[in-house]
Amino acid sequence: MVKKFSFIALISGLFILQAFPQEDLRMKGFQSITEEAVKQQLFFLASDWMQGRATGTEGEYMAGDYIASMFGLYGIKPAGDYTELLRNSRNSSSMGQQRERGFFQKMNLIEYQPGATQELSFSDKKKGTVIPLTWKTDFDAETGDLPADITAPVVFVGYGLAMDSLGYNDFSGVNVRGCIILRLPGYPGSHDTSSAAWKKFHPRDRYGEYMLNRAKNATAKKLGARGIMEISFTNDFSDNWAANVPFRFQNRFYEGKDDPNEFYRHRMKIPGDTLDPDPPFIMLSRRAMNYVLSSAGIDPLVLRNQLTATMKPASRELTSLTAHLKTSVNSRIVKARNVIGWMEGEDTTRTIVIGAHYDHLGTWNGYIFNGADDNASGTVAVMTLARAFAASGIRPKYSIVFAAWTGEEKGLLGSYYYVSHPFRPIDKTLLYVNFDMISRNSPDDSLRNQCTMSYTKAYKTLENTASEKVTDARLGLNVAFRPSEKPRGGSDHTPFAEKNIPIIYFMAGWHDEYHTPYDHAEKADIRKTTEIIRLAYLTIWDFATGKDIRQEENRKN
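Residue -13 is where the sequence shown starts when you use the numbering used here, and the numbers rise one by one after that.
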């Protein structure tokens, strides 16, 4: 009788497997992605109870607990740090310890801002004079999380560019090791769009300009500069230092007596394992700039025009001038958490990582920065995809990691921490999928259907697969595909791209309420958000179940 029952059970099991092929399992997960599920999660994460989810705050911890509870509810396994749990033994009165993974990947961050000491002075050997400057009248300095105490000679390095591929290097013929460099903003021709220099050096877009400045700072550090001084032809620096604003600060997003720029003075960084400070960055007023350059007989406007016309460096040591910078920093350690879960695949070492940052800007001066679009929307995508893959009942070929990052608004800290402390070896990560701001419409999106999918250019399969899903599933999306060699920028795909991991990055559109207290959940386009999550689900499904991400490339070879 027992053998007969077992045979019947076996036949029934085979029937069930045949009745639910992989396509049916995929649709089972797809059907769990509903507008109502998206809406309810978004409204809770972006509610006032979360207090704007600033990194390391009570509100962000509450949001993290909520995300972890949803992962657990859906059957996603913890993939965070191990914890030591105390448990009672049933057979004795003694207590035992057990190591068990939790959902939280914990980290310490340094939060810092300028301290009370901010001093800069110039000593001129020829004149025998010392000129002390006043903070936020003639200079400001960004020294990071460590105080500075530097006395060093000054070297003028033009624009501070080293672009050997274009035959231009401001550091050729000068030694800046142990010196404070003084440089012009931008690049040759940056003030004259009709010049040949502008056509030669101008970056393609705003991101290119951002990367150009990063490269300038990196070069100065590599060559041993102890500090960087930069001047402004537009006097923007001292404009930002103004102490009085008649009556109050006021624009269409903010009104109050406190300077909104102070909101961003609290910065954070990952401590790291070594003391390797970046050179302090010093901003000079126009009159301070003129004083420094006049000691070397340099007229900054004449020199700027000369560099634009000749495209040849004019760097020189300011032999009589020495600068002294002394600053203090107020800092503290802040504990923060990524939320990490995973679905075990047939291959437990190779992973696809799906992520979004769940932190935002917090509260300030009575305002709550709810951050519904930035980035409760992306976080909801990660949770909804976790639910969908779990609901499908499939065991994918590759394991899937679901991640909610902390500290994105402070410099992509959570995602950078993860790539240095991954759940599985980072070189075993097959694909990273990022969501940031997927719930709103750009002003020119009258049909409310536009979104972008940035991806790693070498993997055309990513675009082809997503495009196919838009058509086959009749998704109401007009997707702009944006390939680039190594996609970077201000979101959490950047640390993965820097590790040469293929990425996909979904975004819906820009809006005027970005980083204001008015990024509220009721303004979200829930239908569009849901469609983007559905597109991501269908696209990820193919790769998680075994589709070769290099399909087109392998065919060519």
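Glycine is no exception: its CB is placed at the ideal position from the N, C-alpha and C atoms.
Bear in mind the structure is a predicted one, so any value in this text is a computation, not a measurement.
Check                                                                                                           : Outcome
Proximity below 7 Å, CB of Pro139 to CB of Thr308                                                               : yes
Three-state class that DSSP yields for Ser78 in the structure shown                                             : Note on Ser78: pLDDT 49, under 50, position unreliable in the model; the coordinate value appears next. Note: Ser78 maps to coil in three-state DSSP.
Residue range of the beta strand (DSSP E) that includes Leu311                                                  : 302 to 329
Neighbour-count burial assignment, Val(-12), 16 or more Cβ in a 10 Å radius                                     : Note that Val(-12) scores a pLDDT of 40, beneath 50, so its modelled location is shaky; the value from the coordinates is reported in the next line. Val(-12) comes out exposed.
Nearest candidate by alpha-carbon position, reference Ala211, set Thr220, Arg163, Ala228, Asn199                : Arg163
Identity of the residue in Glu21, Leu11, Lys14, Asp10 nearest Ser363 by Cα                                      : Glu21
Neighbour flag for Arg513 against chain B, beta carbons, 7 Å                                                    : You won't find chain B in this structure, because it holds only one protein chain.
Beta-carbon proximity list for His252, same chain, < 7 Å, skipping 5 on both sides                              : Glu97, Gln99
Gln37 vs Asp67 beta-carbon contact at 7 Å                                                                       : no
Alpha-carbon spacing of Asp124 relative to Arg273, whole angstroms                                              : 8 Å
Coarse secondary structure for Val278, derived from DSSP in three states                                        : helix
Completely contained beta strand (DSSP E) runs for the segment 459 to 501, where each covers 3 or more residues : 464 to 470, 489 to 493
For Glu332, the three-state DSSP class (helix, strand or coil)                                                  : coil
Extent of the continuous beta strand (DSSP E) run through Ile253                                                : Correcting the residue identity first, residue 253 is Arg in this sequence and not Ile. Residues 253 to 255.
Exposure of Val368, with buried meaning 16 or more beta-carbon neighbours within 10 Å                           : buried
Environment of Ser401 [buried if 16+ CB atoms lie within 10 Å]                                                  : buried
Of the residues Gly144, Arg192, Pro265, the one placed nearest Gly130, counting alpha carbons only              : Pro265
Contact belief for Leu95 with Val320 at Cβ below 8 Å, rounded distance in angstroms                             : 5 Å
Bounding residues of the beta strand (DSSP E) (the contiguous stretch that carries Val387)                      : 384 to 391
Proximity below 7 Å, CB of Asp422 to CB of Arg39                                                                : no
C-beta atoms of Tyr491 and Ser440 nearer than 7 Å                                                               : yes
Local Cβ density within 10 Å of Glu508, reported as buried at 16 or more and exposed below that                 : exposed
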